[in-house]
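Peer 1: Can you read through this structure? Questions will come right after.
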Amino acid sequence: IDVFLARSLLEKLYLFQYPIRPASMTYDDVTHLSAKIKPKQQKVELEMAIDTLNPNYCRSKGEQIALNVDGTCTDETSTYSSKLMDKQTFCSSQAASNVSRYAAAVYKKGELHLTPLHGILQLRPSFTYLDKADAKHREREAANEGGDSSQDEAEDDVKQITVRFSRPETEQARQRRVQSYEFLQKRQAEEHWVHLHYYGLKDSRSEHERQYLFSQGHGLAENTELIKSPSEYLMMLMPPSIEEENDKPVAPSNVLSMAQLRTLPLADQIKILMKNVKVMPFANLMSLLGSGTDSTAVLRCIQQVAMLVQGNWVVKSDVLYPKDTSSPHSGVPAEVLCRGRDFVMWKFTQDRWVVRKEVAAVTKLCPEDVKDFLEHMSVARINKGWEFMLPYDEDFVKKHPDIVQRQHMLWMGIQAKLEKVYSLLKEHLTPKKQEAQSAHPLVVSGEQRVNMAKAKVKQNYGQLEKEFQKQKADMKSSDTSMEVSNIRIKEEPLSDEEPMDTSAYEGMNNGVINGLHMEEDSTDSLNGHLPGGCIDRVAQELKAFVSSTFKKQFVLTLSELKRLFNLHLASLPPGHTLFSGISDKMLQDMVLDTGCKQILVPFPPQTAASPDELKVYALWEAGDTYDQHRQVLLEIFSKNYRVRRNVIQTQLSQECGEDLNKQEVDRVLKDCCVSYGGMWYLKGTVQS
């Protein structure tokens, strides 16, 4: 059974527990005469009718109670205007102080929807009318006894009064008074009642509110609280006891026991080592983990806590600066620190030298924070700047080209974010040509490099070679004059667009990041010289990616689509068909082939968006009931850059010929738009 978390009634949903009702009272829509609440105290009073015509109702007793409470006079202050006890008041009390474990559940069509409860209130009969009857009885007795008193008796009652002035209240006395029962009762009595309107079970308003018990977005990111790994779920079911945690000796933060370290899981060992060392070659890491450790498992774990810089592993910024922490120097939040440190790491992927003033000018951080970043991974050189502390690890780059390529894709995504956040200029993006680039010269000749590259191609792409030979043999046997060279992917004119920087081979050409240049044979894929079977597989893989992406996002700019494609490539295994090289035009053509349309959004003239951000594509038909609504919404944004919600809702109602409820409008807007400053924009088109 799929479980969904509904948030629409969060901090608004209460559970009322009624007492076992007598036969003369039914909790239906008619019995609720009035209701009022004190929100801060979570106190509720309900006034409910009693069925006086029920055979179980004692009429004489009801008349006697009404007479005792109100007397013989009937006015606006009377509790029972009908001279009969025809109603009863119920007052609430909290059933549980902590209701975080409780939720209201609705089961529908194989789905269980949960809404957390904000309070559980038990309703009990209130007998304040008896206090009112006692008060009137005492008044009558006092009136009978004091009616014959004389003036002399009144004079005897005169007493001398001594006036005293109160001393200034001390702080301790004030705290005792505030914590006293009388003071708390007074504070509770001062809170005003808020009168409520009761809607019956079959009322249209109740039907509308009941829909909010269902989750508004199935399987979206808002339900991630219910998605836990098996280990996390087990930890929630059986949390470690506090006594066991206290028994463990606490070592100083700067002391690391290798014997205790090796008792931890491999991922935790690597995280602790990288957090302490910060920069480490892969060979050193393997030696610290001990003999018998699987290098493949280490490679898989190291990529979760570190990034590859010049063939060495540097711990990720979010590991050093966790969420909700801040700088000890300036108090800057962790998010800003991570962004600045990522910029320093990225600069070292471009060059072995970094200038401190340049980093401070771009990141706008204080000098102490910048110095911490640089000391993590570099060494200061007089009159030169900061040099990366470890030499270029050429051995790792040669042995693991797939890891190098994946890390390069990740750095491309980080670079795109840094460009947008810091508005980087061209001089920041272009690595400086210094003599430091010769610090790791290649010791192999050009001819040896080509031979090694060819051998690597045969090893990694042997399967493609077999398919190519098989096709060639089939064409010869059928006596066709068609040559292999004619089997090509459509070539793009170089003057119009350059291929996207997603190719494995282009990624390998960066000497500082990825090391050796790739094989000369691999350039065929960029020009479209692929075996026929491979062409179809590339198109199928690309179409599957585009189709699944737009079914999740609905609206994407070309810039965002390319970023998602780069991340997709980084997750693929080495030798995948999509590494054959995909140009911008091929990607855009595939978007149009999968049923998407380009939305010509009228951006403002002063926009600073890049050409890729100005190209907006949307899925025109998803095959669900909201296709028509989304198409109307996209037509609106083809004429307007930003629109108010009421305009969108009016246009949808007119075009679709029906009154849409709030839930349906929210669903359509969530698919295609984002809200900013009270206005709605298509996804990816908001300009800061």
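Numbering follows the UniProt record's numbering, with no gaps: position 374 of the sequence shown is 374. Positions of the beta carbon are idealized from the N, C-alpha and C atoms, including for glycine.
Just list the alpha helix (DSSP H) runs in the region 50-132, keeping only unbroken ones of 4 residues or longer that don't cross its boundaries, in chain order.
Peer 2: Whole alpha helix (DSSP H) segments, 4+ residues: 59-70.
Peer 1: Please state whether the Cβ-Cβ distance between Tyr641 and Phe579 is less than 8 Å.
Peer 2: no
Peer 1: How would you label Phe550, buried or exposed, when you count the other beta carbons within 10 angstroms and need 16 or more for buried?
Peer 2: buried
Peer 1: Considering only the alpha carbon of each residue, which of Gln606, Asp612, Asn566 lies closest to Leu558?
Peer 2: When each option's Cα is compared against that of Leu558, the closest is Asp612.
Peer 1: My guess is that Ala634 and Cys672 are in contact by the Cβ rule of under 8 Å, so how many angstroms apart are they, rounded?
Peer 2: The sequence given here places Leu at residue 634; Ala does not occur at that position. Yes, they are in contact, since the Cβ atoms of Leu634 and Cys672 sit about 7 Å apart, within 8 Å.
Peer 1: Can you look up Gly385 in the DSSP assignment and give me helix, strand or coil?
Peer 2: strand
Peer 1: Just reading off the beta strand (DSSP E) that Met274 is part of, what are its end residues?
Peer 2: Met274 -> not in any beta strand (DSSP E); alpha helix (DSSP H) instead, spanning 266-277.
Peer 1: Once you ignore the five residues that flank Gln598 on each side, which residues in its own chain have a CB closer than 6 Å to its CB?
Peer 2: Tyr617
Peer 1: Quick check on Cys596: buried or exposed, where buried means 16 or more other Cβ atoms within 10 Å of its Cβ?
Peer 2: buried
Peer 1: Start and end of the beta strand (DSSP E) containing Lys597?
Peer 2: 596-599
Peer 1: Assign Trp680 to buried or exposed, taking buried as 16 or more other Cβ atoms, counted over all protein chains shown, within 10 Å of its Cβ.
Peer 2: buried
Peer 1: What span of residues does the alpha helix (DSSP H) with Tyr14 cover, start to end?
Peer 2: Where Tyr14 is concerned, there is no enclosing alpha helix (DSSP H), although the beta strand (DSSP E) it sits in stretches over 14-17.
Peer 1: In three-state terms, what does DSSP make of Ala609?
Peer 2: coil
Peer 1: So, does the region 354-369 touch the region 377-394, judging by three or more C-beta pairs under 8 Å?
Peer 2: yes
Peer 1: Assuming contact is defined by CB atoms lying nearer than 8 Å, are Gly413 and Arg300 in contact in what I supplied?
Peer 2: no
Peer 1: Could you tell me the alpha carbon to alpha carbon distance between Phe565 and Leu669, rounded to whole angstroms?
Peer 2: 25 Å
Peer 1: Are the region 265-276 and the region 310-329 touching by the rule of at least three beta carbon pairs closer than 8 Å?
Peer 2: yes
Peer 1: Leu337 and Ser327 - do their beta-carbons sit closer together than 8 Å?
Peer 2: Taking 8 Å as the Cβ cut-off, Ser327 and Leu337 qualify as a contacting pair.
Peer 1: Can at least three beta-carbon pairs, one atom from the region 55-63 and one from the region 38-47, be found at a separation below 8 Å?
Peer 2: no
Peer 1: Could you give the first and the last residue of the continuous alpha helix (DSSP H) run that contains Asp589?
Peer 2: 584-593
Peer 1: In chain order, which continuous runs of the alpha helix (DSSP H) of length 4 or greater are located wholly inside the region 157-193?
Peer 2: 171-178, 181-190
Peer 1: Since Ile120 and Ala105 should fall inside the 8 Å C-beta cutoff, what is the C-beta to C-beta distance between them, to a whole number of angstroms?
Peer 2: So it is not a contact: roughly 15 Å between Cβ atoms.
Peer 1: For the pair the region 391-403 and the region 363-371, tell me if three or more CB-CB distances fall below 8 Å.
Peer 2: no
Peer 1: Just curious, the alpha helix (DSSP H) that Asn646 is in, first and last residue?
Peer 2: 645-656 is the span of the alpha helix (DSSP H), which, as asked, contains Asn646.
Peer 1: Within 8 Å, do at least three Cβ pairs link the region 373-382 to the region 399-409?
Peer 2: no
Peer 1: Between Lys136 and the rest of its own chain, which residues show a CB-CB distance below 7 Å, the 5 nearest in sequence each way excluded?
Peer 2: Same-chain partners within the cutoff: Gly71.
Peer 1: Compare the beta carbon distance of Pro19 and Pro125 with 8 Å and say whether it is the shorter of the two.
Peer 2: Cβ atoms of Pro19 and Pro125: closer than 8 Å.
Peer 1: Can you tell me which of the three DSSP states Asn144 falls into?
Peer 2: helix
Peer 1: So, at 7 Å on beta carbons, what are the nonlocal neighbours of Arg645 in its own chain, with the 5 sequence-adjacent residues on each side left out?
Peer 2: Answer for Arg645: Trp680, listed in chain order.
Peer 1: Check whether the Cβ atoms of Gln651 and Val632 sit closer than 8 Å, and answer yes or no.
Peer 2: Yes, Cβ-Cβ distance for Gln651 and Val632 is below 8 Å.
Peer 1: Look up Glu45 in the DSSP assignment and say whether it is helix, strand or coil.
Peer 2: strand
Peer 1: Taking only three categories from DSSP, how would you classify Thr349?
Peer 2: helix
Peer 1: Would the beta-carbon of Leu184 fall within 8 Å of that of Ala6?
Peer 2: no
Peer 1: Kindly indicate which three-state DSSP category Phe4 falls into: helix, strand or coil?
Peer 2: Secondary structure of Phe4 (DSSP, three-state): strand.
Peer 1: For Ser291 and Gln303, what's the separation of their Cα atoms in angstroms?
Peer 2: 21 Å
Peer 1: Nearest CA to the CA of Gln654: which residue from Gly677, Tyr676, His629, Ser638?
Peer 2: His629
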